[in-house]
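The listed protein sequences correspond, in order, to chains F and G.
Everything in the first sequence is counted per the working numbering, starting at 487 for the first residue and increasing by one.
Everything in the second sequence is counted per the working numbering, starting at 180 for the first residue and increasing by one.
Built from N, CA and C at the ideal position, the CB exists for glycine as well.
First up is the structure itself, then whatever we jot down about it.
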Amino acid sequence: MTSSLRLRAGLVSIALLAAFLGIWHLATRSTAPVAAMSPEYAKLMGLTATQGKSAMPGPLDVGAKLWEHLKRPFYDNGPNDKGLGIQLGYSIARVGLGYLLAVLVAIPLGFLIGMSPLLSKALDPFIQVLKPISPLAWMPLALYTIKDSSISAIFVIFICSIWPMLLNTVFGVASVRKEWINVARTLEVGTLRRAFTVILPAAAPTILTGMRISIGIAWLVIVAAEMLVGGTGIGYFVWNEWNNLSITNVIIAILLIGIVGMLLDQILARFTRMVTFPE
Amino acid sequence: MSTFDNPFDPDRNLRAGCVCGEHRSAAEHEQAASALRCEPVESEEKRYEGVVASAVMRAMFPQDAARRAFLRSVGASTALAALSQFFPIKTATEVFAETGAPEKKDLKVGFIPITCATPIIMAAPLGFYAKHGLNVEVVKTAGWAVIRDKTINKEYDAAHMLAPMPIAISLGLGANAIPFSVPAIENINGQGIVLAMKHKDKRDPKDWKGLKFAIPFDYSMHNYLLRYYLAEHGIDPDTDVQLRSVPPPEMVANLRADNIDGFLAPDNICQRAIYDGVGFMHLLSKEIWDGHPCCSFAASREFITTAPNSFAALTRAIVDATAYASKAENRKQIAEAIAPANYINAPVTVLEQVLTGTYADGLGGVKTDAKRVDFDPFPWQSFAVWMLTQMKRWGQIKGDVDYKAVAEQVYLATDTRKLMTEMGLSPPASSYKSFAVMGKNFDPAKPEDYVASFKIRKAS
Chain F
487 MTSSLRLRAG LVSIALLAAF LGIWHLATRS TAPVAAMSPE YAKLMGLTAT
537 QGKSAMPGPL DVGAKLWEHL KRPFYDNGPN DKGLGIQLGY SIARVGLGYL
587 LAVLVAIPLG FLIGMSPLLS KALDPFIQVL KPISPLAWMP LALYTIKDSS
637 ISAIFVIFIC SIWPMLLNTV FGVASVRKEW INVARTLEVG TLRRAFTVIL
687 PAAAPTILTG MRISIGIAWL VIVAAEMLVG GTGIGYFVWN EWNNLSITNV
737 IIAILLIGIV GMLLDQILAR FTRMVTFPE
Chain G
180 MSTFDNPFDP DRNLRAGCVC GEHRSAAEHE QAASALRCEP VESEEKRYEG
230 VVASAVMRAM FPQDAARRAF LRSVGASTAL AALSQFFPIK TATEVFAETG
280 APEKKDLKVG FIPITCATPI IMAAPLGFYA KHGLNVEVVK TAGWAVIRDK
330 TINKEYDAAH MLAPMPIAIS LGLGANAIPF SVPAIENING QGIVLAMKHK
380 DKRDPKDWKG LKFAIPFDYS MHNYLLRYYL AEHGIDPDTD VQLRSVPPPE
430 MVANLRADNI DGFLAPDNIC QRAIYDGVGF MHLLSKEIWD GHPCCSFAAS
480 REFITTAPNS FAALTRAIVD ATAYASKAEN RKQIAEAIAP ANYINAPVTV
530 LEQVLTGTYA DGLGGVKTDA KRVDFDPFPW QSFAVWMLTQ MKRWGQIKGD
580 VDYKAVAEQV YLATDTRKLM TEMGLSPPAS SYKSFAVMGK NFDPAKPEDY
630 VASFKIRKAS
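This is the structure in structure tokens:
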């Protein structure tokens, strides 16, 4: 039964994709009327102007360009032109570093706050104010104080991925069932041991959910941050191709950003499933 | 024979045995010749000696075959000794080396991908930096504010900036005041006003009330020229039209999307809008002020004082590249060199139209203007004074301005003149010149009167 459902869902997915590509192809065919122009003038003009080619590339253009990129993902033509593989590598490294720092800060801090109602109440206003700030709003401040654009980008990842993790850790730790803690208390388990053997496993699913939200946000933000500071990374690639008004390459980058984002999410989802327990 | 090859090496591929016949083995020959070899470079002086000696050798034997025959017959050390008899290579080297070895060889220079940055960019692929002993990485940057911050942060040693930016930074407008200097102007002319296709019949600026225009940055010649142009036609740029700061690449997209009615932007952006059929060229900036500066090559005073020789070498490379770019016959080659994704990232046709001056105007005509964009490195201090008058006119500077002092501090006309003379170029003798903007004369000696003479300006 489930296998047939999966099969049917797959078929519907493929049909939707085909329909989407078909409509895309039809919508971007050259239809615009072409003004008459002298050949000398036409030589100086682009295809949009001379052949009425749509400014939006069709799926075939994108496919051909994608194949070109996939054939040589790691080329290096100097500091401003590197292959997509290298650009993605830079972005993933930045996200990884910023995210790891956020994990190192958010989880211990969240634990402390969650276990102490006093701290929780005292820090709450700060967290509530800092949480909704767009991470990119930190960018000028970071650039100004850190004085290094690549570290600033990592800082922005750090600051944007810290809040969901922190709040989820606090929530997870604070809402561990009282019975379990009371049992631990009756058995005279020490605070530290209680934290690691009772609270941590109980709060783990919530913490990992926070981490999963964070990695999603971090990946969203890195693209924007790299567009801002430039240099390397997939965000820079988008900006560079935008500079050249090469929509084809921008679409390819969008596709790749989506795929990498999905993979990162799936990895965290797998971890979450590992620590989930039935109650 | 390249300048840095060993002038006394008759054959680069050393065969078995000694090539000159003076030594018993190739190793011995190597050892004897190593005193004269350029590679590996033992010291800066050695390299300069090589440069000087090779220049002398080239002068004496213009033909490579004759030089080789001479070296083969007498051997390298004999040749050097013979040469020194009548040409003081040591002294010449000392004189040459006085320009000094760069303190820092690996430099980073930021640029914005527009044709204004042509000399800065092309100096990398065409080897002008290397020629002056530098290893420069040119880094593409996302916008003017970012390039300013990265240069202030010392991520870049020097950068491509809009001509008024170093003045604004030095004065602390829109940023903390940090002394910056301009040793060279990148380009003159090379901008244009492009309007959306739907304004084809609205060519008189008097009809432009209510339109939306884009400019690249507040502290830009684009801003001042557009404001000047509008004001001369009776349009108050602050109240009658909207001026928006938009990054150049987004200008074409915004024009297509009908968010703006036109823009005053670098030529490659203008030409791109025409190339894509979304706009037409209303006016070249050259027609507003022929010979106006646009972008500059800027460095912080701190860099100049801590690494004066690097800075001098960098300036020489830029001046060299600018001289090369100013020649019409080189423009096609330059367009091809700077078009790839690593540099400007634009279709070659577009850059060629900008640099050669034969371009489609967007209305079906092909126009030719060889001086559409031009390159002249000399940082006229009167340019700086003019920019200051416009900053004052539009309320960017409040209060009194010491025009001359600021201009002389930021625009290093004296140093560049000295450097250009050393390079065998002929810079102008004065640092100030009068010029006309839309037929109205500007006298750099009377900036206050000039500001006061405009009817349309921001009330201060």
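| Check | Outcome |
| --- | --- |
| Within this structure, are the beta carbons of Met376 of chain G and Pro472 of chain G separated by less than 8 Å? | no |
| Of all Cβ atoms in chain G, is any one closer than 8 Å to the Cβ of Met523 of chain F? | yes |
| Is the Cβ of Gly413 of chain G closer than 8 Å to any Cβ of chain F? | no |
| For His412 of chain G, I'd like the list of residues in its chain whose CB is within less than 6 Å of its CB, leaving aside the five on either flank, ordered along the chain. | Pro384, Lys385 |
| Which residue marks the beginning of the alpha helix (DSSP H) containing Ile357 of chain G, and which one marks its end? | It is not in any alpha helix (DSSP H) - Ile357 of chain G carries neither H nor E in the DSSP assignment. |
| So, is the C-beta of Pro428 of chain G closer than 8 Å to a C-beta in chain F? | yes |
| With DSSP as the reference, please indicate the residues paired to Gly458 of chain G in a beta bridge. | G:Ala375 |
| Tell me the DSSP bridge mates of Glu316 of chain G? | G:Lys287 |
| Do the CB positions of Leu591 of chain G and Ile346 of chain G come within less than 8 Å of each other? | no |
| Using a Cβ-Cβ cut-off of 7 Å (strictly less than) and excluding sequence neighbours within five positions of Asn620 of chain G, which residues of its own chain qualify? | Ser613 |
| Which of helix, strand or coil does DSSP assign to Ala638 of chain G? | coil |
| So Lys664 of chain F is in the alpha helix (DSSP H); what residue range does that whole segment cover? | 664 to 672 |
| Nearest by alpha-carbon distance to Trp559 of chain G: which of G:Gly574, G:Ala586, G:Gly544, G:Ala539 is it? | G:Ala586 |
| Suppose contacts are defined by Cβ-Cβ distances below 8 Å. Is Val736 of chain F in contact with Ile720 of chain F by that definition? | no |
| Name, please, each residue of chain F whose Cβ falls closer than 7 Å to the Cβ of Lys284 of chain G. | The premise fails here: Lys284 of chain G is roughly 16 Å from chain F at the closest Cβ pair, so nothing lies under 7 Å. |
| Classify Ala495 of chain F as helix, strand or coil using the three-state DSSP reduction. | helix |
| Quick one: what's got a C-beta closer than 7 Å to Trp510 of chain F's C-beta in the same chain, skipping five residues either side? | Gly544, Pro545 |
| With DSSP as the reference, please indicate the residues paired to Ser632 of chain G in a beta bridge. | Paired residues: none, contrary to the question. |
| Give the C-beta separation of Phe392 of chain G and Leu422 of chain G to the nearest angstrom, bearing in mind that I take them to be a contact with Cβ-Cβ under 8 Å. | 5 Å |
| DSSP state of Ser638 of chain F, grouped into three classes? | helix |
| Put Ile467 of chain G into one of helix, strand or coil per three-state DSSP. | coil |
| Measuring only between beta-carbons, confirm whether Ser635 of chain F sits less than 8 Å from chain G. | yes |
| Please state whether the Cβ-Cβ distance between Val552 of chain G and Asp437 of chain G is less than 8 Å. | no |
| Could you confirm whether any beta carbon from chain F is found closer than 8 Å to the beta carbon of Asn433 of chain G? | no |
| Along the chain, where does the beta strand (DSSP E) that runs through Arg327 of chain G open and close? | Looking at the DSSP string, Arg327 of chain G is not in any beta strand (DSSP E); the run it does join, the alpha helix (DSSP H), is 323 to 331. |
| What separation, rounded to the nearest whole angstrom, lies between the Cα atoms of Leu590 of chain F and Glu765 of chain F? | 29 Å |
| Closer than 8 Å, CB to CB, is Tyr561 of chain F near chain G or not? | no |
| Across the segment 453 to 462 of chain G and the segment 526 to 544 of chain G, are there enough close Cβ pairs to call them in contact, namely three or more that are closer than 8 Å? | yes |
| Just grab the DSSP bridge partners of Asp553 of chain G for me. | G:Ile367 |
| Do the CB positions of Gly658 of chain F and Ile693 of chain F come within less than 8 Å of each other? | yes |
| So, helix, strand or coil for Tyr590 of chain G, using DSSP? | strand |
| Quick one: grab the DSSP three-state call for Ile673 of chain G. | What is shown of chain G runs 180 to 639, which leaves residue 673 of chain G out entirely. |
| Can you pull the chain G neighbours of Glu526 of chain F, defined as C-beta to C-beta under 8 Å? | Val545 |
| Could you tell me whether the Cβ of Met713 of chain F comes closer than 8 Å to any Cβ of chain G? | yes |
| Mind pulling the chain F residues with CB within less than 7 Å of Asn524 of chain G? | Asn726, Asn729, Asn730 |
| Chain G beta carbons: is any one of them nearer than 8 Å to that of Leu570 of chain F? | no |
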